[in-house]
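Its first residue numbered 19, the sequence shown is counted upward by one per residue in the working numbering.
From the three backbone atoms N, C-alpha and C, an ideal C-beta is built for every residue, glycine too.
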Amino acid sequence: PGEGPPDWSRHPAGRRVGVTLTRRFPAHAMPPARPVRLRLPAPLPGPGVAELAVEVLEQPAEAPPATLSDGRMEVRLPRPADAVLALRATARATPLLAGRLPPETLSAAEAALHLRAEEGFIRVTPALAALAAGLEDGPPREVAQAIWRATLRRVQVEPIHYAEVDAAAPGEWVLARGAADCQLVSALLVALFRARGIPARLVGGVLLYPRAPSRHYWAEAHLDGAWHPFDAIARDLDDDGRVPAWHDAFAGQVEPRLVTERHPRMFTGAPGVTLPAAWLMLRR
């Protein structure tokens, strides 16, 4: 990271990117003698993404044509078989910068949806509500910054074993452990935002880092009429406080990336196979 993040505002036109997503499905992991539905995440249109085009590259020859819908590619097979799904997405990606975020008005129903106390790993427990209430008062933007700083002081981002997570109070588990992966830390941020009456949501997508592309999660809070991203990956990049310029680099803005999930309405769903009790994910 050097001395700090790049000046993304110097590239307002964005850059053309291409991403290929591939998923392999072994037949032995699928329910025998039953039709199966296989899924692969697909990038979504939205802020920071223009000229998005998604095309199917590969699917099982015996399957009917794959369907592309918001956030997913899906193939239905009449019976289990080894299968590969692949798609290619191209787009012009731009950073989401504070002060340049597109406005989006929330209806009362949408605001209520993004203030729910329970949603997957997002759980506004009494302990989290008390923690959020103890932070400074002020306009929503200042409250959000206080939640951001308090969370990054107490939590690092690193891999975890999900079997250890307290499903009833995942945010409290993260705080007690002092570390979790991007999904759980982002869910904690969302829970704290909601505890203070700030609509918030969990977002997932693909990081466009040529040397280390990977799936990733971050939080978004609705402030001043727009969705502001908050990505705890900054906790890694500031080198435990030794590079302070990175600390707030992803508080209210993020670099170009592709979105594949906007919870709770848009997500890929189960991949179509039953995961074993012990499994590994290899990122390369």
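Problem set entry | Unbroken beta strand (DSSP E) run spanning Leu-86, endpoints | In this chain, the beta strand (DSSP E) harbouring Leu-86 covers 85–87.
Exercise. Could you give the distance in angstroms between the alpha-carbon of Pro-19 and the alpha-carbon of Gly-259?
Worked result: Confidence is the limiting factor: at Pro-19 the pLDDT is only 47, short of 50, which leaves the residue's position unreliable, though a coordinate-based value still follows. Each residue's alpha carbon lies about 13 Å from the other.
Problem set entry | Ala-151, enclosing alpha helix (DSSP H) - first and last residue | 144–151
Exercise. Looking only at its own chain, which residues have a Cβ that is under 7 Å from the Cβ of Val-192, when we skip the five neighbours before and after it?
Worked result: Val-173, Ala-198, Leu-202, Val-203 and Leu-206
For this session: Using the Cα positions of Glu-69 and Thr-278, report the straight-line distance between them to the nearest angstrom.
Result: 16 Å
Exercise. Pairing CB atoms from the segment 43–62 with CB atoms from the segment 80–92, are three or more of them under 8 Å?
Worked result: yes
For this session: State the CB to CB distance for the pair Ala-252 and Val-142, rounded to an integer number of angstroms; the pair is presumed to be in contact (CB under 8 Å).
Result: The Cβ separation is near 23 Å, so there is no contact.
Exercise. Under 8 Å between the Cβ atoms of Thr-108 and Arg-159?
Worked result: Contact: no.
Exercise. Can you name the start and end residues of the alpha helix (DSSP H) that Leu-56 belongs to?
Worked result: Premise fails: Leu-56 lies in the beta strand (DSSP E), 54–59, not in any alpha helix (DSSP H).
For this session: Indicate whether His-22 and Val-261 have their beta-carbon atoms separated by less than 8 Å.
Result: Position check: residue 22 holds Gly in this sequence, whereas His was assumed. A contact, by the Cβ cut-off of 8 Å.
For this session: Report yes or no: do the segment 183–191 and the segment 96–106 share at least 3 C-beta pairs separated by less than 8 Å?
Result: no
For this session: With Arg-195 as the anchor, note down where its beta strand (DSSP E) starts and where it stops.
Result: Arg-195 -> not in any beta strand (DSSP E); alpha helix (DSSP H) instead, spanning 188–195.
Exercise. Among residues of its own chain, excluding the 5 on either side of Val-74, which ones have a beta-carbon nearer than 6 Å to its beta-carbon?
Worked result: Ala-84 and Leu-105
For this session: Name the two residues that bound the continuous beta strand (DSSP E) containing Phe-43.
Result: 33–43
Exercise. How far does the alpha helix (DSSP H) with Glu-160 in it reach, from first residue to last?
Worked result: It spans 158–172 - the alpha helix (DSSP H) in which Glu-160 sits, taken as one unbroken run.
For this session: Starting from the N-terminal side, write out each stretch of the beta strand (DSSP E) that is 3 residues or longer and does not extend beyond the segment 201–282.
Result: Runs found: 218–225, 232–241, 244–248 and 275–280.
Exercise. Quick one: is Gln-163 buried, meaning 16 or more other Cβ sit within 10 Å of its Cβ, or exposed?
Worked result: Classification for Gln-163: buried.
Problem set entry | Nearest to Asp-242 (by Cα), restricted to the options Thr-292, Ala-116 and Trp-236 | Ala-116
Problem set entry | Backbone secondary structure at Ala-295 - three-state DSSP | coil
Exercise. When DSSP labels each residue in this structure, what does Ser-27 get in the three-state scheme?
Worked result: helix
Exercise. Using the C-alpha atoms, what's the distance from Ala-127 back to Ser-250?
Worked result: The question names Ser, but residue 250 in the sequence shown is Ala. Roughly 28 Å separates the two Cα atoms.
Exercise. Are the beta-carbon atoms belonging to Asp-256 and His-265 less than 8 Å from one another?
Worked result: Going by C-beta atoms, Asp-256 is nearer than 8 Å to His-265.
For this session: Take Ala-147 as the anchor and find which of Arg-28, Gly-189 and Met-48 has the nearest alpha-carbon.
Result: Gly-189
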